[in-house]
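Contents: one structure, followed by commentary.
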Amino acid sequence: MLKVTIPHLGNSYIPLSALFREVGLEVILPPPISQETIALGAKLAPEFACLPFKINLGNFVETLRSQTIDLIFMAGGVGPCRFGYYGQLQQEILRANGYQVDFLILEAPKTHPRELWEKLKKYLPKHRLTDFSRALSYAWQKAKAVDTFDTLANQIRPLEKKPGATSRLQKKFYHALNAAVLHKDIKKIVNNALQELSSLSVKTEFKPLKIVLLGEIYMVLESQVNFKIEETLGNMGVEVKRTIHFSEWVFEHLLLSIVKPNWRQKQFLLAKSYLDNFVGGHGLETVAHTVDAAVNNYHGVVELAPFTCMPEIVAMQALPAITKDLGIPVLPLIIDEHSGEAGIRTRLEAFVDMLAYRRSRSRGGELLEVVSRN
Ligand code: SF4
């Protein structure tokens, strides 16, 4: 059986493992991301490559050191950011360092979905359209399940009476979902998990601060690299609204980009006064979602960006003007291989304290409990 691997990207391994298994491939996942992974990637990558590039590279090296891998699946793309050449460059770097492995770089099909299918099917032992559509349906069901659970978990966590209860359920859910192989089992696991989550004992009187989490997709989705920011903020008593979800990203890039080429129209309209160009990555979304957060009365925004990320650096320049015009505080966090948990945590605590103080002032100076539980 062909052995394939993929880089880590948050919980995308759950739907992707199901997809590959259903088309007859053996998936070998890289070990969980650690400081060692980051150091390995940083050592081989060009110094100013963006952080996700280095971490992906570290994932591949760690996998190839312990396993024989036939193929690496990597997403590709076109556009004004560096993501488009990740795969080619990583393959060259790995080969130059003695790892002879092939890459299959998959780009969003846009106007030629058939070309993508022809390229892909050569590698799939089960490649009848019925096999592939069944595999897609499993993967989609799992991707949606993860995102539905995570959205609810972010609402419940700041209210939980037993600290850590939400995160424990989340871990259990991921494990069960990843192991499930039948549609009916997936459905049952999701229903049970959502039911358990909704039944957690919560503080009904507590009004959490509401923060929008946005920025570069890898930093937003990969909790091992963003220092578990959703959990950290939730434990500080903050409800987090994450703007990027894996299932939505797939839907937009694999379907909307073909059937509705102007699907970014709403974001262009929202961002118009501050940014009038698609600058690659999620730069446009960062600006649009910040405006949206202000209009919808969120208390603040946290932007996550890897060091040297071009789209987020561009977007970051627009954010102070949005804060000035619409009154929404924004905390930009730039993360690189030298970032440490304590530094990020301290900045988040200070930001949350400031938002709590600001809210108390806006309520006529009434004294509100500072939301941090620590
Ligand atoms: S969005 Fe930023 S971090 Fe991601 S590939 Fe592009 S430049 Fe690199």
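Letter 11 of the sequence shown, counting from 1, is numbered 14 in our numbering, and no numbers are missing.
Where is the CB? At the ideal position from N, CA and C, for every residue including glycine.
Since the model is a prediction, treat every value here as computed from it, not as a measurement.
For this session: Leaving aside the five residues before and after glutamate 255 along the sequence, list all residues of the same chain whose C-beta is less than 8 Å from its C-beta, in chain order.
Result: Reading the sequence shown from its first residue, position 252 is the one you call residue 255. Once the five neighbours on either side are set aside, the close Cβ partners of glutamate 255 are Trp266.
Exercise. Do you know offhand how far leucine 203's Cα is from alanine 45's?
Worked result: Taking the sequence shown and counting its residues from 1, the one referred to as residue 203 is at position 200. Taking the sequence shown and counting its residues from 1, the one referred to as residue 45 is at position 42. Distance from the CA of leucine 203 to the CA of alanine 45, rounded to the nearest whole angstrom, comes to 42 Å.
Exercise. Could you give the residue range of the alpha helix (DSSP H) that holds phenylalanine 76?
Worked result: Here residue 76 refers to the residue found at position 73 of the sequence shown. Element bounds for phenylalanine 76: not the alpha helix (DSSP H) but the beta strand (DSSP E), 74 to 78.
For this session: Could you pull out every residue in the same chain whose Cβ sits closer than 7 Å to the Cβ of glycine 61, ignoring the five residues on either side in sequence?
Result: Taking the sequence shown and counting its residues from 1, one reaches residue 61 at position 58. Result list for glycine 61: Thr40, Ile41, Leu43 and Gly44, in chain order.
For this session: Below 6 Å CB to CB, which residues in the same chain sit around serine 15 once its five sequence neighbours on both sides are set aside?
Result: Taking the first residue of the sequence shown as position 1, residue 15 is located at position 12. Closer than 6 Å at Cβ, skipping near neighbours: Phe249.
Problem set entry | Rounded straight-line distance, which links the Cα of tyrosine 126 to that of lysine 327 | As a working note, residue 327 is residue 324 in the sequence shown. As a working note, residue 126 is residue 123 in the sequence shown. If you draw a straight line from the Cα of lysine 327 to the Cα of tyrosine 126, it is about 53 Å long.
For this session: Provide the residue span of the beta strand (DSSP E) that contains aspartate 105, from first to last.
Result: Here residue 105 refers to the residue found at position 102 when the sequence shown is read from its first residue. Element bounds for aspartate 105: 105 to 109.
Problem set entry | Runs of alpha helix (DSSP H) wholly within the segment 278 to 352 (minimum 4 residues, chain order) | If we require 4 residues or more, the alpha helix (DSSP H) runs fully inside the segment 278 to 352 come out as 286 to 298 and 313 to 329.
Problem set entry | Exposure of proline 133, with buried meaning 16 or more beta-carbon neighbours within 10 Å | Position 130 of the sequence shown, counted from the first residue, corresponds to residue 133. A small fix is needed here, since residue 133 is threonine in this sequence, not proline. Exposed, since its Cβ has fewer than 16 Cβ neighbours within 10 Å.
For this session: Output the distance between the C-alpha atoms of aspartate 153 and phenylalanine 106, rounded to the nearest integer angstrom.
Result: The count along the sequence shown starts at 1 and reaches residue 153 at position 150. The count along the sequence shown starts at 1 and reaches residue 106 at position 103. When rounded, the distance between both Cα atoms is 31 Å.
For this session: Figure out for me which residue from Ile220, Ile337, Phe209 and Lys175 has the closest Cα to the Cα of leucine 200.
Result: For the purposes of this step, residue 200 is taken as residue 197 along the sequence shown, with counting starting at 1. Cα-wise, what sits closest to leucine 200 is Lys175.
For this session: Check whether the Cβ of proline 314 lies closer than 7 Å to any heavy atom of ligand 1, and answer yes or no.
Result: Taking the sequence shown and counting its residues from 1, the one referred to as residue 314 is at position 311. Yes.
Exercise. Alpha carbon to alpha carbon, how far is phenylalanine 86 from glycine 237?
Worked result: If you number the sequence shown from 1, residue 86 lands on position 83. If you number the sequence shown from 1, residue 237 lands on position 234. Near 31 Å, if we compare the C-alpha coordinates of glycine 237 and phenylalanine 86.
Exercise. Ordered along the chain, which non-local residues of its own chain (more than five positions away) have a Cβ less than 8 Å from that of tyrosine 301?
Worked result: For the purposes of this step, residue 301 is taken as residue 298 along the sequence shown, with counting starting at 1. So the qualifying residues of the chain are Lys213, Ile214, Val215, Lys244 and Ile331.
Problem set entry | Reference glutamate 219; option with closest CA among Thr311, His178 and Leu185 | Taking the sequence shown and counting its residues from 1, one reaches residue 219 at position 216. For glutamate 219, the closest of Thr311, His178 and Leu185 by C-alpha to C-alpha distance is Thr311.
Exercise. Which residue from Leu185, Gly167, Ile189 and Pro166 puts its Cα closest to that of tyrosine 177?
Worked result: Walking along the sequence shown from the start, residue 177 turns up at place 174. Comparing Cα-Cα distances from tyrosine 177 to each of Leu185, Gly167, Ile189 and Pro166, the minimum goes to Ile189.
Problem set entry | Between the CA atoms of glutamate 242 and serine 37 - distance to the nearest angstrom | Counting from 1 along the sequence shown, the entry for residue 37 is found at position 34. Counting from 1 along the sequence shown, the entry for residue 242 is found at position 239. Their backbone Cα atoms lie some 27 Å apart in a straight line.
Exercise. If we ignore side chains and look at the alpha-carbon of each, how far apart do leucine 19 and valine 205 end up?
Worked result: On the sequence shown, residue 19 is found 16 positions in, with the first residue counted as 1. On the sequence shown, residue 205 is found 202 positions in, with the first residue counted as 1. Near 34 Å, if we compare the C-alpha coordinates of valine 205 and leucine 19.
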